[in-house]
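Participant:
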Amino acid sequence: MSHVLAAVAWPYANGPRHIGHVSGFGVPSDVFSRYMRMAGHDVLMVSGTDEHGTPIQVQADAEGVTARELADRYNRVIVEDLHGLGLSYDLFTRTTTRNHYAVVQELFTALERNGYIVKRTTLGARSPSTGRTLPDRYIEGTCPICGYDSARGDQCDNCGNQLDPEQLINPRSKINGETPEFVETEHFFLDLPAFAEAIGNWLDQRENWRPNVLKFSRNLLDDLQPRAITRDLEWGVPIPLDGWRDRNDKRIYVWFDAVIGYLSASIEWARRSGDPEAWREWWSADAQGKDARGYYFMGKDNIVFHSVIWPALLLGYSGEGDKGGEPGELGRLNLPTEVVSSEFLTMEGKKFSSSRRVVIYVRDFLERYDADALRYFIAVAGPESNDTDFTWAEFVRRNNDELVAGWGNLVNRSISMAAKNFGAIPEAVDLTPEDEALLAVAKAGFATVGELIGKHRQKAAIGEAMKVVAEANKYLSEQAPWKLKSEEEKPRQGTVLAVALQVVSDANTLLTPFLPHSAQKVFELLGGEGVHAPMPRIEEVEDLDGGPGYPVLTGDYAVGARWESVPLVTGTPLAAPKPVFRKLEPAVIEEELARLAG
Ligand SMILES: [Zn+2]
């Protein structure tokens with residue numbers, strides 16, 4: 001039993017989610033959290049939409065709306081997408097809450113007080129004709145790294161590297177095309193080199209990390225540079241220092257504010273739970289959080305923020321870098337236990353791209369297919385440790401051959417045979433070695449599958465669960481209960497079906513973290529009542545500190561199945577089942593490919 005924080009990367013609120021976004025860490029973090037809860041841990045799963053920064057401002061400008069309006073729109077869309085997938089967030093919030101602003105400013109203030117934030121003079125762009133500062137988003141030029149000719153002053157959207165405006169080759173103003181002049185301006189930097197030793201020591205003690213993540217992170221330590229944490233921009237968290245607080249042209253950099261969201265969302269969750277201090281059980285590096293473990297889920301392009309920069313912020317806030325210092329008012333904070341990064345998903349061999357229409361949005365997917373069909377594909381063929389490709393042909397094949405013909409068929413034939421012949425869960429008498437063997441395989445699955453999920457090997461974990469399904473299908477074929485029709489064979493028929501149904505129930509529990517929607521249905525088909533797999537709900541809430549209201553994802557996950565075999569009760573009435581999964585026609589593949597081709 002411990003307190004488990006599942007900290008899930010924050011989706012950027014500039015559009016709806018496509019299935020690539022949710023495959024790497026969205027669904028896997030839910031599988032992990034669901035399993036951990038079933039195994040008896042106190043899980044806090046948090047995230048939200050990341051809403052500041054230049055790209056949202058640029059898009060809002062282009063649409064003639066405010067950044068806030070754009071963020072409001074996509075916050076809601078993303079909340080609905082994640083709800084549709086059944087992702088069991090304790091709180092999915094956003095970065096534009098007043099609570100988030102206050103927590104970000106508290107971290108900034110304490111880091112500054114401890115000497116880890118330094119002011120530097122840099123070059124900022126100015127319009128020669130008007131003499132006004134040009135925010136980063138209004139400067140365009142050629143990327144010095146990849147040569148892309150429309151890189152922005154803060155980032156190249158082609159190679160993803162962060163840039164400074166003066167690095168651009170042939171810089172130009174997007175407003176009037178003139179060449180900006182660069183003048184000295186002040187910005188704040190995080191003194192990352194002051195944490196190299198502390199982070200190195202911490203990385204040396206990490207266990208169970210994926211080796212590529214550890215190696216990548218260690219290499220980063222050799223060349224740490226101070227990193228800008230403010231920007232020439234109006235959309236973001238104000239800088240909480242005298243003389244800066246009221247300036248409209250400088251804001252805290254979006255990456256700095258977003259990574260603090262894990263903490264601010266945990267604090268918001270606690271404030272909404274009625275115990276405003278409850279977050280400390282997952283976060284405090286002192287006594288309150290002594291059994292806490294923090295797991296961070298993200299794509300591989302985000303490792304640096306979680307294995308180096310976020311630990312640096314937490315160390316500096318706790319007064320534990322080269323410069324020492326005192327902890328801020330939240331106290332000393334826990335560093336991540338594990339940084340779980342995923343690889344990328346491509347679609348029909350191409351990189352996802354909304355502009356090039358290589359995309360399927362979560363909401364469109366869920367209009368045509370079941371959430372568990374996608375969750376199954378992600379579990380068995382997602383980008384857990386390699387880049388993987390989503391193809392419609394493979395999706396349909398996996399759905400039909402594995403989910404429908406394997407698991408769905410086992411559920412359907414065992415329950416319908418028992419319903420037809422007994423109308424209830426039959427009695428098991430005089431178990432044979434074959435019966436005992438199958439029951440043992442299912443029981444053993446709890447240790448095997450659980451351990452694999454705990455180690456973030458979900459592909460292997462669902463493979464083990466599906467082996468139990470395959471064994472049960474084989475058992476039914478061999479025992480052929482449909483042939484046991486005579487009066488004296490009836491008890492044996494009942495026994496075979498009772499054994500099969502028990503294994504269906506166990507396999508269903510093993511599959512619950514992966515397939516929560518269908519797990520609830522199978523549970524009910526077996527005569528279960530109440531909640532087996534709890535689901536999130538969308539709740540419209542008030543901002544806790546007087547800002548505008550917003551929708552959050554939350555839920556009551558204390559109810560539901562435990563990670564154990566539960567004996568079925570003989571005599572529980574059974575009805576003829578409706579199929580739990582839908583077989584897909586091969587024509588679906590052509591239709592979807594035609595949609596992609598536009
Ligand atoms: Zn580039």
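Heads up: the sequence shown runs through residues 1 to 598, numbered per the UniProt record's numbering.
No residue lacks a Cβ here, since even glycine has one placed at the ideal position from N, Cα and C.
Just so we're clear, the structure is a prediction, and the values are computed from it rather than from any experiment.
(1) Considering Cα atoms alone, identify which of V531, L525, W279 is closest to L568.
(2) Roughly how many angstroms separate the alpha carbons of W10 and R413, rounded to a whole number?
(3) Taking 7 Å as the cut-off, is the beta-carbon of I139 closer than that to any non-hydrogen atom of ligand 1?
(4) Hey, would you say the C-beta of I145 is under 7 Å away from at least one heavy atom of ligand 1?
(5) Is it true that the segment 379-397 meets the segment 27-38, where meeting means three or more beta-carbon pairs spaced less than 8 Å apart?
(6) Starting from G124, follow its DSSP beta bridges and name the residues at the other end.
(7) Please return the same chain residues whose Cβ sits closer than 6 Å to the Cβ of T109, not counting the five positions on each side in sequence.
(8) Taking DSSP as the reference, what is the three-state secondary structure of E488?
(9) Report the rounded CA-to-CA distance for Y550 versus N75, giving the unit in angstroms.
(10) From E320 to A198, what does the alpha carbon distance come to, in whole angstroms?
(11) Where does V569 fall in DSSP's three states?
(12) Beta-carbon separation of L584 and V396 under 8 Å?
(13) Let me know the secondary structure DSSP gives H18 once reduced to three states.
(14) Since G160 contacts A151 with CB under 8 Å, what's their CB separation in whole angstroms?
(15) Does ligand 1 have even one heavy atom less than 7 Å from the beta-carbon of Y262?
(16) Which same chain residues, not among the five before or five after L345, have their C-beta less than 8 Å away from its C-beta?
(17) Compute the distance between the beta-carbons of A418 and L497, then report whether it is under 8 Å.
(18) Of all the options K443, G598, P426, M535, which has the alpha carbon lying nearest to the alpha carbon of T509?
(19) Looking only at its own chain, which residues have a Cβ that is under 8 Å from the Cβ of N14, when we skip the five neighbours before and after it?
(20) Going by DSSP, what residue range makes up the alpha helix (DSSP H) through Y74?
(21) Is the number of C-beta pairs between the segment 248-259 and the segment 76-93 that are closer than 8 Å three or more?
(22) Please indicate yes or no: does the CB of F92 lie closer than 7 Å to some heavy atom of ligand 3?
(23) Is N161 close to ligand 1? I mean its beta-carbon at under 7 Å from any heavy atom of the ligand.
(24) Curious, which full-length beta strand (DSSP E) runs of at least 3 residues does the segment 345-379 contain?
(25) Using the Cα positions of V183 and R126, report the straight-line distance between them to the nearest angstrom.
(26) Do you know whose CA, among F365, R368, Q288, lies nearest L330's CA?
(27) Pick out whichever of P180, P128, R357, L214 has its Cα sitting closest to the Cα of E338.
(28) Does DSSP put F189 in a helix, a strand or coil?
(29) In chain order, what residues of the same chain lie with their CB nearer than 7 Å to the CB of H306, ignoring the 5 residues before and after it?
(30) So P579 and G408 are supposed to be a Cβ contact under 8 Å. How far apart are they, rounded?
(31) Look up V499 in the DSSP assignment and give the residues it is bridged to.
(32) Can the beta-carbon of V323 be found closer than 8 Å to that of Y101?
(33) Hey, is N170 close to ligand 1, as in C-beta under 7 Å from one of its heavy atoms?
(34) Could you spell out where the alpha helix (DSSP H) holding F216 opens and where it closes?
(35) Please state if the CB of E178 and the CB of P144 are separated by a distance shorter than 8 Å.
(36) Cα separation between R98 and G546?
Facilitator: Based on what the coordinates show:
(1) L525
(2) 42 Å
(3) no
(4) yes
(5) Short answer: they touch.
(6) V183
(7) P240
(8) coil
(9) So the alpha carbons of these two residues sit roughly 9 Å apart.
(10) 7 Å
(11) coil
(12) yes
(13) Correct three-state label for H18: strand.
(14) Between G160 and A151 a beta carbon distance of about 10 Å is seen, past the 8 Å cut, so the two are scored as non-contacting.
(15) no
(16) Excluding positions up to five away in sequence, the list reads I19, G20, S23, G24, F352, G382, P383, D387, T388, D389, F390.
(17) yes
(18) K443
(19) The beta carbon of N14 is closer than 8 Å to those of P55, I56, Q59, L70, Y74 in its chain, skipping five residues each way along the sequence.
(20) Under the DSSP assignment, Y74 falls in the alpha helix (DSSP H) whose first and last residues are 67-84.
(21) no
(22) With respect to small molecules bound, the structure shown includes ligand 1 and not ligand 3.
(23) yes
(24) 345-347
(25) Taking the straight line from one Cα to the other gives about 7 Å.
(26) Answer by Cα proximity: Q288.
(27) L214
(28) strand
(29) Y296, M298, P336, V339
(30) Yes, they are in contact, since the Cβ atoms of P579 and G408 sit about 6 Å apart, within 8 Å.
(31) DSSP lists no partner for V499.
(32) According to the sequence as given, residue 323 is Lys; it is not Val. Contact flag unset, no.
(33) no
(34) 211-221
(35) no
(36) 8 Å
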